[in-house]
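J.: From first to last, the protein sequence lines stand for chains E and C.
With the working numbering as the guide, the letters of the first sequence map in order to residues 1 to 228.
With the working numbering as the guide, the letters of the second sequence map in order to residues 1 to 228.
2 protein chains.
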Amino acid sequence: MIFGWDSIRREVLRRIGQREWPPGMLIPTEQDLATEFGVARATVNRALRELALAGVLERKRRAGTRVALLPVRKATLDIPVIRQEVEARGHAHSFRLLTHEAREAPVPVTSRLGLPEGALLLWIETLHLADGQPFAFETRWLNPAILPDPGPDFTQISVNEWLVAHVSYTLGDISFCAARASAREAKVLGVTLGEALFITERSTWAGPAPITLVRLAHGPGYRMQALV
Amino acid sequence: MIFGWDSIRREVLRRIGQREWPPGMLIPTEQDLATEFGVARATVNRALRELALAGVLERKRRAGTRVALLPVRKATLDIPVIRQEVEARGHAHSFRLLTHEAREAPVPVTSRLGLPEGALLLWIETLHLADGQPFAFETRWLNPAILPDPGPDFTQISVNEWLVAHVSYTLGDISFCAARASAREAKVLGVTLGEALFITERSTWAGPAPITLVRLAHGPGYRMQALV
DNA sequence: CGCGCGAATATGTGCAGACATATTAACCCC
DNA sequence: GGGGTTAATATGTCTGCACATATTCGCGCG
Chain E
1 MIFGWDSIRR EVLRRIGQRE WPPGMLIPTE QDLATEFGVA RATVNRALRE LALAGVLERK
61 RRAGTRVALL PVRKATLDIP VIRQEVEARG HAHSFRLLTH EAREAPVPVT SRLGLPEGAL
121 LLWIETLHLA DGQPFAFETR WLNPAILPDP GPDFTQISVN EWLVAHVSYT LGDISFCAAR
181 ASAREAKVLG VTLGEALFIT ERSTWAGPAP ITLVRLAHGP GYRMQALV
Chain C
1 MIFGWDSIRR EVLRRIGQRE WPPGMLIPTE QDLATEFGVA RATVNRALRE LALAGVLERK
61 RRAGTRVALL PVRKATLDIP VIRQEVEARG HAHSFRLLTH EAREAPVPVT SRLGLPEGAL
121 LLWIETLHLA DGQPFAFETR WLNPAILPDP GPDFTQISVN EWLVAHVSYT LGDISFCAAR
181 ASAREAKVLG VTLGEALFIT ERSTWAGPAP ITLVRLAHGP GYRMQALV
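Following this line, the structure appears as structure tokens:
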């Protein structure tokens with residue numbers, strides 16, 4: 001029975017799935033569907049808008065709505081704070097601050113963050129542990145301009161959590177890749193040299209001001225999951 | 001100036017970013033904001049709904065809307081068809097079908113797909129090339145029940161594209177990890193043994209019926225990107 | 001035949017009002 | 001004071017209408 005925009009969404013999805021509406025087909029207009037289902041056009045609009053957002057439909061003004069030919073599947077993945085991620089797996093989270101010093105950032109870093117060459121940034125290395133076992137090795141360039149004076153005690157609160165609580169970052173990008181463990185990474189994470197690591201790299205910005213550039217190396221066994 | 005729900009969204013985001021509304025704070029009701037901005041409540045609702053979806057706000061009926069304390073950042077990543085991915089990088093896509101045979105699927109596969117033990121599935125190995133260079137090594141278990149008779153010629157069209165065009169999968173999951181290249185993977189991809197590979201694993205379903213289980217191994221240099 | 005311009009049209013968004021629903025706050029009774 | 005019931009309230013969604021906007025179609029003109 002049709003009840004609410006979500007049942008319309010599901011019904012449309014069903015028709016697409018059963019090939020009543022094959023890929024590329026122009027589907028009825030919002031008004032027609034509204035009449036068919038006995039609801040207002042706004043309700044149909046809501047359903048179709050969600051499906052377009054999910055990549056199932058393609059919509060254009062005047063041209064109408066059609067079933068996507070090559071539906072670019074979109075996956076949304078949550079990027080939790082490491083503490084939550086560890087605790088969600090039923091482990092106790094702890095961390096060790098390995099390095100915390102001002103350093104002249106190399107050019108790739110300054111250029112990526114839009115800072116002048118040779119800028120002094122904080123270089124911070126943190127090892128995250130799950131039940132005392134190495135979980136992830138975090139290396140970070142942090143823009144000191146955003147810190148209060150005196151700075152927070154990063155041996156007590158992890159940089160990650162301090163940032164989440166004190167800086168509202170609004171934009172950023174994230175990328176993932178695989179890399180072999182360097183000597184240092186192998187030692188810190190307690191894996192063999194050359195082991196395959198899952199790398200997450202993020203840069204975050206508060207408007208135009210760069211905040212931080214993080215690289216997170218996860219040891220073998222780590223798996224990132226998302227629903228499609 | 002306030003003009004459209006998106007400017008309300010941005011204004012709310014600005015207030016959060018400037019700490020006018022710090023994390024955890026209860027923000028004004030939709031009605032109050034509607035009055036303040038001089039718009040209808042539905043317009044404010046649209047803006048706040050998007051922000052809640054993005055993880056910036058937390059909303060509860062009767063309890064109101066508050067700024068998320070630990071904003072779970074959500075990244076959406078597009079999962080394109082490999083051909084598109086290769087062509088988007090300015091390369092020519094081609095592929096070679098390496099293996100295509102019926103096999104008794106091992107238990108982990110059948111259990112993951114919800115099939116009886118010892119079920120006969122198609123085992124398909126495909127190497128994807130970008131400008132003739134190995135790009136990704138695809139290994140796949142495919143449920144033959146979904147194929148027409150006679151089956152499509154997978155030397156002409158890649159399994160991936162045939163599925164996209166002929167089967168509307170509705171659900172699935174996707175996960176990513178890093179792994180070292182096995183002897184076969186190293187040989188096929190032309191990398192050294194033990195190289196770090198970026199692995200994508202997907203299972204897809206058409207309603208209750210399992211379709212396929214794919215593992216995609218990308219060589220070094222591959223990077224998956226998403227906007228936050 | 002080609003080109004440009006205006007009309008037609010499907011979606012995008014807006015408004016005002018209404019009811020549904022989850023959750024909290026207040027209250028009453030013991 | 002404690003516990004359970006009731007009322008209040010903010011969000012969730014719907015309706016019906018209206019206008020904005022991007023495209024496309026078709027017509028007329030050179």
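Glycine included, C-beta positions come from ideal geometry on N, C-alpha and C.
Owing to the predicted nature of the structure, the values given are computational and were not obtained by experimental measurement.
Just to make sure I have the definition right: I need the residues of chain C whose C-beta is within less than 8 Å of the C-beta of G207 (chain E). Which are they?
T.: Chain C residues near G207 (chain E): G17.
J.: Cα-Cα, which of C:R14, C:L142 and C:S175 is closest to V159 (chain C)?
T.: Residue nearest to V159 (chain C) within the set C:R14, C:L142 and C:S175 is C:L142 (criterion: CA-CA distance).
J.: Counting only runs of 3+ residues fully inside the region 107–153 of chain E, write out the beta strand (DSSP E) ranges in chain order.
T.: 120–130 and 133–142
J.: Do L189 (chain C) and R140 (chain C) have their C-beta atoms closer together than 8 Å?
T.: No.
J.: Could you name the residues of chain E that L197 (chain C) contacts, counting a contact when the two beta carbons are closer than 9 Å?
T.: Ordered by position in chain E, the residues that pass the 9 Å Cβ test against L197 (chain C) are A178 and A196.
J.: Tell me whether G55 (chain E) sits in a helix, a strand or coil according to DSSP, three-state version.
T.: In the displayed model, G55 (chain E) falls within coil according to three-state DSSP, outside both helix and strand.
J.: Where A183 (chain E) and E195 (chain E) are concerned, what is the direct C-alpha to C-alpha distance, given to the nearest angstrom?
T.: 10 Å
J.: For a cutoff of 8 Å on Cβ pairs, would you count Q133 (chain E) as touching chain C?
T.: no
J.: Alpha carbons only, please: which of E:E87, E:E11 and E:T200 is nearest the one belonging to F37 (chain E)?
T.: E:E11
J.: What's the call for E85 (chain E), buried or exposed, on a 16-neighbour Cβ count within 10 Å?
T.: buried
J.: By DSSP, does G17 (chain C) sit in helix, in strand, or in coil?
T.: In this structure, G17 (chain C) counts as helix in the three-state DSSP scheme.
J.: For E101 (chain E) and P134 (chain E), what's the separation of their Cα atoms in angstroms?
T.: 22 Å
J.: Using a C-beta cutoff of 8 Å, does D223 (chain C) count as contacting chain E?
T.: Here residue 223 (chain C) is Arg; the residue named in the question, Asp, does not match the sequence. At least one beta carbon of chain E lies nearer than 8 Å to the beta carbon of R223 (chain C).
J.: Between the region 71–83 of chain E and chain C, which residues of the former have CB atoms less than 8 Å from a CB of the latter, in chain order?
T.: P71, V72, R73, K74, A75, T76, L77, D78, I79, P80 and V81
J.: Evaluate A42 (chain E) with the Cβ neighbour count: other Cβ atoms within 10 Å of its Cβ, from every protein chain shown; 16 or more gives buried, anything less gives exposed.
T.: The C-beta of A42 (chain E) has fewer than 16 other C-beta atoms within 10 Å across all chains shown, which makes the residue exposed.
J.: Where A92 (chain E) and A130 (chain E) are concerned, what is the direct C-alpha to C-alpha distance, given to the nearest angstrom?
T.: 5 Å
J.: By the 10 Å Cβ neighbour count, where 16 or more other Cβ atoms means buried, how is E20 (chain E) classified, buried or exposed?
T.: exposed
J.: Throw me the rounded Cβ distance for the G55 (chain E) and P71 (chain E) pair, which I believe falls under 8 Å.
T.: 5 Å
J.: Keeping to the same chain, check which residues put their C-beta closer than 7 Å to that of V81 (chain C); ignore five residues upstream and five downstream.
T.: Counting only residues of its own chain and dropping the five nearest sequence neighbours on each side, V81 (chain C) has a CB closer than 7 Å to the CB of N160, E161 and V164.
J.: Return the Cβ separation of A178 (chain C) and I146 (chain C) in integer angstroms, given the expectation that the two are a contact with Cβ distance under 8 Å.
T.: Actually they are not in contact, since the Cβ atoms of A178 (chain C) and I146 (chain C) sit about 31 Å apart, beyond 8 Å.
J.: From the DSSP output, read off the bridge partner residues of V214 (chain C).
T.: C:R140 and C:R202
J.: Starting from S175 (chain C), find everything on chain E with Cβ-Cβ shorter than 8 Å and list it in chain order.
T.: R223, M224, Q225 and A226
J.: Against chain C, with Cβ distances strictly below 8 Å, would V109 (chain E) count as a contact?
T.: no
J.: Restricting to Cα atoms, I'd like to know which of C:P22, C:M25, C:G24 and C:N45 is closest to D32 (chain C).
T.: C:N45
J.: My assumption, with CB atoms under 8 Å, is that A226 (chain E) sits in contact with A52 (chain E). Please give the rounded CB distance.
T.: That pair is no contact at about 20 Å.
J.: By the three-class DSSP mapping on this structure, what secondary structure does H166 (chain C) have?
T.: helix
J.: What residues of chain E sit near P106 (chain C), judged by a beta carbon separation below 7 Å?
T.: The contacting residues do not exist; P106 (chain C) stays about 19 Å from chain E at best.
J.: What does a CB cutoff of less than 7 Å around G24 (chain E) pick up in its chain, not counting 5 residues either side in sequence?
T.: Excluding its 5 nearest sequence neighbours in each direction, G24 (chain E) has C-beta neighbours in its own chain below 7 Å: R66, V67 and L69, listed in chain order.
J.: Measure the Cβ-Cβ separation of G17 (chain C) and S168 (chain E) and say whether it is below 8 Å.
T.: In this structure, G17 (chain C) sits near S168 (chain E), with a CB-CB distance shorter than 8 Å.
J.: Within this structure, are the beta carbons of L48 (chain E) and R62 (chain E) separated by less than 8 Å?
T.: no
J.: Put S175 (chain C) into one of helix, strand or coil per three-state DSSP.
T.: strand
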